[in-house]
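Numbering (UniProt numbering), first residue to last: 1 to 336.
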């Protein structure tokens with residue numbers, strides 16, 4: 001920080017975070033297109049000056065709009081090179097054309113969105129792994145992943161099909177990251193309390209919120225059974241009778257898939273010996289249930305609320321983040 005404030009320039013890591021790219025991408029652009037720093041501190045360490053940053057910001061804007069990297073590099077150098085005899089104006093931070101409507105979000109979310117718009121898969125993957133490792137699943141989902149996904153969806157709706165490839169790439173890497181950070185389930189046995197069953201309502205294809213909840217529950221030691229998208233009503237009822245789950249989380253992204261009769265049917269399923277019958281705790285997740293009369297069923301306000309409720313049922317307690325970085329530090333996930 002002292003070096004940067006003294007005018008020594010940005011480090012490669014700091015510049016990568018600012019631009020929303022990976023350090024590997026910056027080194028690749030330096031090696032392939034000569035977009036490296038003008039000077040190196042002590043002859044070794046890379047330090048990026050404001051002029052260097054201006055070139056790379058132009059490079060990011062051009063590649064985001066679909067210009068091939070080699071052509072974008074030439075244009076970026078020419079566009080930021082001051083005319084002969086003229087002192088260059090101070091570089092200003094610019095908004096890339098087609099930038100996503102994010103609003104007030106974490107800096108990590110902005111970097112993730114920029115990388116997704118550029119279709120820079122290595123940068124997307126690196127940033128997702130970084131926020132999960134640093135903050136844990138709950139904060140990473142609520143403050144970084146979900147806002148970026150929502151922004152892509154809004155941009156897609158307002159721009160026709162132009163951003164559908166961005167949504168597909170970002171969704172794939174979010175899902176991959178969540179699964180990568182989901183621990184293996186414990187050894188088979190006969191737990192005192194049944195697992196948490198997670199399923200999308202029939203016709204519902206949006207699984208990412210359930211994948212985030214599944215990863216967080218398993219990290220907290222809660223057994224789960226993940227059934228994924230568009231589970232038929234008959235199959236869902238059969239699974240409840242076979243498993244005797246402590247809770248069922250039924251996700252609906254839209255009102256078209258949010259069936260209250262189905263939810264009540266699943267909540268009424270009973271199992272066990274005569275005279276000691278059990279029923280499941282029914283939790284309805286997703287915006288599709290908004291405005292519905294869900295008497296007797298839980299409606300969490302978000303991932304953290306759902307996690308607190310379900311972990312309390314298993315005695316693991318809310319707020320216990322088992323992400324390695326947080327476990328070593330002995331603290332819970334930070335909030336903005």
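Glycine included, every Cβ here is placed at the ideal spot set by N, Cα and C. Note that the coordinates shown come from a computational prediction; the quantities given were computed from them, not determined experimentally.
Looking at the backbone, the Cα of residue 233 and that of residue 123 are separated by about 40 Å. Per DSSP, residue 133 is one residue of the alpha helix (DSSP H) stretching across 121 to 135. Annotation: the continuous beta strand (DSSP E) that includes residue 197 extends over 196 to 200. Spanning the alpha carbons of residue 204 and residue 76 requires a straight line of approximately 44 Å.
The C-beta distance from residue 202 to residue 246 rounds to 23 Å, too long to fall under 8 Å, and the pair is not in contact.
With respect to the 8 Å criterion, residue 38 and residue 25 are not classified as neighbours on the basis of their beta carbons.
Residue 248 has 197 and 282 as its beta-bridge partners, per DSSP.
Within the same chain, and ignoring the five residues on either side of residue 227 in sequence, the residues whose Cβ sits closer than 6 Å to its Cβ are 199. In the structure shown, residue 149 falls within a helical segment according to DSSP collapsed to helix, strand and coil. Sixteen is the threshold: since fewer than 16 other Cβ atoms of the shown chains lie within 10 Å of the Cβ of residue 185, the residue is exposed. Excluding five sequence positions before and after residue 265, the CB atoms of its chain that fall closer than 8 Å to its own CB belong to 233 and 237, given in chain order. Judged by their CB atoms, residue 137 and residue 173 are not nearer to each other than the 8 Å cut-off. Following the DSSP letters along the chain, one finds residue 224 inside the beta strand (DSSP E) bounded by residues 224 to 228. For residue 13, the enclosing alpha helix (DSSP H) covers residues 12 to 19. Note that the C-beta distance between residue 12 and residue 61 is not below 8 Å. Secondary structure of residue 270 (DSSP, three-state): strand. Pairing residue 219 with residue 183 gives a Cβ-Cβ distance under 8 Å.
Nearest to residue 73 by C-alpha distance, out of 269, 31 and 105, is 31. The straight-line gap separating the alpha-carbon atoms of residue 293 and residue 253 is approximately 17 Å. With distances taken between CA atoms, residue 258 lies nearest to 206 out of 9, 206 and 164.
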